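Residue numbers (the UniProt record's numbering): 1 to 381. Read the structure below first, then the notes.
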């Protein structure tokens, strides 16, 4: 039941409401079940508000701050939420049919089971959003950021996804019949059992940055994308000693290197899974390439891990030397000078090799920050 005093205050207009919220930042906002349909609420501050089951159909919420708001079961059909901040909000099972969410920020929001049919989500930020099982039929998602989004079992039939970033998104069992996938980035997206009958697609991107168009110099002929990617040959690599975020970084680089050397494989890292034996799943375009690609993955990955172990050992040598005193490292204009007891350490010596390896190891570990949300989330499934 909505707080009557707060509801009365809100109906006095956004300037009055926002001023009151600024003066009372710690006040709990309870507008549960409130009838706010067709109200002018542009730029309103409803952050962290309880709006469960609220009636907001056709409401004017352009630029509104709804960060962290609780909107479960709310009615937002036809609402104008263009540019609204819905970061980390709970929109589970919300009715957003025909809503305008252009440029809206929904990163970290829960939209599981939401009704988004024919919603306008052009250039919306949906990175990492839970859209599992959502109704997105006929939705407009041009250039939307869907990196790492959970779209398992989502209904995207006839949706417009042109230019959307689906890198590391989970598209397993998603319904994409008749959808337009032209220009989407599918780097490391999980695609097992996706339904892509009759999709429209001129070209896609498979690289992390979304710069390498495929096909490179022509468009897919009608039906070609479906033929190639409806159900691709797969194989797994088992991590015998367990899986860490660093493995995701290494594997991503391994895939890029193999695709540069063997572009005909079109090797794709589908997902990581630590259930049972921790493993990574890969696809290639042709069955005949499965065993060869699998061997290349195993060889390249294990070689790189061995190199990192050596660098780690050498880094320990650096730490010991620094701990014993007498070692100084000077950097001038990008040149590194290493001295021991006041004298330069000769290039190529054990000490300099160890320090160089240690620096390389640190850089590799720092790259863990680039691991996508999807890789981490799937490893935790």
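The beta-carbon is built from N, C-alpha and C at its ideal position, and this holds for glycine as well. Just so it is clear, the structure is predicted and the values come from calculations on it, not from any experiment.
Tell me the residue span of the alpha helix (DSSP H) that contains residue i.
i	result
residue 280	No alpha helix (DSSP H) contains residue 280, which is instead part of the beta strand (DSSP E) from 279-283.
residue 260	245-261
residue 9	4-10
Would you report the Cα separation of residue i and residue j, rounded to the nearest angstrom?
i	j	result
residue 346	residue 234	Residue placement at residue 346 is poorly supported in this model, since its pLDDT is 44, which falls under 50; the coordinates still yield a value, given next. The straight-line gap from Cα to Cα measures roughly 50 Å.
residue 376	residue 14	The predicted model places residue 376 with a pLDDT of 40, which falls under 50 and marks its position as unreliable, so this point remains unresolved.
residue 180	residue 16	45 Å
residue 192	residue 285	14 Å
residue 103	residue 310	47 Å
residue 101	residue 128	17 Å
residue 225	residue 199	8 Å
residue 370	residue 143	Residue placement at residue 370 cannot be trusted, given a pLDDT of 47 that sits under 50; what the coordinates show is reported in the next sentence. Going from the Cα of residue 370 to the Cα of residue 143 covers about 22 Å.
residue 160	residue 92	22 Å
residue 210	residue 164	10 Å
residue 262	residue 222	26 Å
residue 301	residue 204	27 Å
residue 132	residue 56	23 Å
residue 365	residue 252	Interpretation of residue 365 is limited by its pLDDT of 48, a score under 50 that renders its predicted location unreliable; the figure taken from the coordinates is listed afterwards. Roughly 14 Å between the two C-alpha positions.
residue 259	residue 187	12 Å
residue 170	residue 150	5 Å
residue 124	residue 313	46 Å
residue 230	residue 130	24 Å
residue 351	residue 215	Below a pLDDT of 50, predicted positions are generally treated as unreliable, and residue 351, at 48, falls in that range; no measurement from the model is reported.
residue 27	residue 167	39 Å
residue 95	residue 75	5 Å
residue 176	residue 268	19 Å
residue 255	residue 194	22 Å
residue 276	residue 196	29 Å
residue 396	residue 158	Nothing can be reported for residue 396, as the shown portion of the chain is limited to 1 through 381.
residue 38	residue 122	23 Å
residue 41	residue 5	17 Å
residue 60	residue 11	13 Å
residue 25	residue 44	14 Å
residue 298	residue 73	48 Å
residue 190	residue 90	24 Å
residue 242	residue 278	6 Å
residue 236	residue 98	41 Å
residue 134	residue 303	42 Å
Since residue i contacts residue j with CB under 8 Å, what's their CB separation in whole angstroms?
i	j	result
residue 105	residue 85	5 Å
residue 34	residue 66	Residue 34 to residue 66, Cβ: 14 Å. No contact.
residue 120	residue 140	5 Å
residue 145	residue 126	6 Å
residue 202	residue 219	4 Å
residue 46	residue 19	That belief does not hold up - the Cβ atoms of residue 46 and residue 19 are roughly 14 Å apart, past 8 Å.
residue 117	residue 137	5 Å
residue 54	residue 32	7 Å
residue 71	residue 52	7 Å
residue 293	residue 272	Their Cβ separation, rounded to whole angstroms, is 17 Å, which puts residue 293 and residue 272 out of contact at 8 Å.
residue 78	residue 58	4 Å
residue 30	residue 2	6 Å
How far does the beta strand (DSSP E) with residue i in it reach, from first residue to last?
i	result
residue 187	Element bounds for residue 187: n/a, residue is neither H nor E.
residue 225	From DSSP, residue 225 is part of no beta strand (DSSP E) but of the alpha helix (DSSP H) over 224-229.
residue 143	Looking at the DSSP string, residue 143 is not in any beta strand (DSSP E), and its letter there is neither H nor E.
residue 236	234-238
residue 18	Note, residue 18: premise wrong, no beta strand (DSSP E); alpha helix (DSSP H) at 14-23.
residue 270	268-273
Does residue i come within less than 8 Å of chain D when only Cβ atoms are used?
i	result
residue 197	Reference to chain D is not applicable here, since this structure consists of a single protein chain.
Using a Cβ distance threshold of 8 Å, determine whether the segment 300-310 contacts the segment 244-254, with at least three qualifying pairs required. Judged by Cβ distances under 8 Å, the segment 300-310 makes contact with the segment 244-254, as three or more pairs qualify.
Q) What runs of the alpha helix (DSSP H), each 4 residues or longer, lie entirely inside the segment 83-125? A) Runs of the alpha helix (DSSP H) spanning 4 or more residues and lying entirely within the segment 83-125 do not occur at all.
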